[in-house]
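Numbering (this note's numbering), first residue to last: 138 to 342.
Heads up: the structure comes next, in structure tokens.
In structure tokens:
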């Protein structure tokens with residue numbers, strides 16, 4: 138499955154971008170929320186996120202923030218399929234309890250310096266997102282070494298995705314993942330529909 142991250146899209150033409158994504162047969166969007174605290178960058182506020190959630194996509198949220206609950210309280214979670222939070226945040230346990238009480242699918246994102254062995258795979262976790270770049274910015278170089286983490290995850294119980302630096306040069310390295318997050322590489326190409334069709338050949342349905 139392919140998810141498109143709109144972190145690097147042209148925000149001044151967001152409505153056009155979302156309509157174009159739909160016309161290119163994109164059904165899943167990945168919304169990155171950054172706070173300048175957990176990562177040294179900022180993205181969309183809750184008001185913009187809630188507007189985007191009005192569109193007809195399946196949405197995941199990826200919270201690269203120090204205090205996820207504060208943000209989540211301001212978002213229309215009814216429109217969200219899965220919420221990814223980072224294993225590295227200080228208040229992880231409280232955040233997982235909050236999401237469980239909201240009956241949301243919970244995903245755990247793992248930064249490049251975190252090993253899978255360090256991560257406690259709670260039964261409420263339905264997805265793992267392996268970061269192949271350091272979180273916070275798009276258009277970064279793919280860290281191939283991170284792909285090996287997939288070997289240490291019991292995939293009978295959990296879906297495993299990958300996020301960061303994925304393009305036509307790196308897609309072969311991540312073909313065994315259940316889902317991929319693609320951002321800046323999509324927005325850079327002129328023939329976006331052909332790009333998606335090429336990527337789709339490598340990724341599981």
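Don't be surprised by glycine CBs; every beta carbon is placed ideally from N, CA and C.
Please look up how many angstroms separate the CB atoms of residue i and residue j, rounded, as I've assumed it's under 8 Å.
i, j, result
"residue 275", "residue 244", "That pair is no contact at about 19 Å."
"residue 253", "residue 290", "6 Å"
Return no unless some Cβ of chain D is closer than 8 Å to the Cβ of residue i.
i, result
"residue 176", "Note that chain D does not occur in the displayed structure, where there is just one protein chain."
What three-state label does DSSP hand residue i in the structure shown?
i, result
"residue 323", "helix"
"residue 176", "coil"
"residue 237", "helix"
"residue 225", "coil"
"residue 332", "helix"
"residue 342", "Since pLDDT at residue 342 reaches only 49, below the 50 mark, its modelled position is unreliable, and the value read off the structure follows with that caveat. Coil, per DSSP."
"residue 143", "coil"
When the distance is taken between beta carbons, is residue j closer than 8 Å to residue i?
i, j, result
"residue 216", "residue 190", "yes"
"residue 270", "residue 311", "no"
"residue 222", "residue 207", "no"
Smallest Cα separation from residue i: which of the options?
i, options, result
"residue 339", "204, 325 and 307", "307"
"residue 173", "194, 203 and 183", "203"
"residue 196", "262, 286 and 141", "141"
Bridge partners for residue i per DSSP, in chain order?
i, result
"residue 196", "166 and 217"
"residue 300", "268 and 318"
"residue 201", "171"
"residue 148", "DSSP, once it has assigned bridges, lists no residue as partnering residue 148."
"residue 245", "222 and 265"
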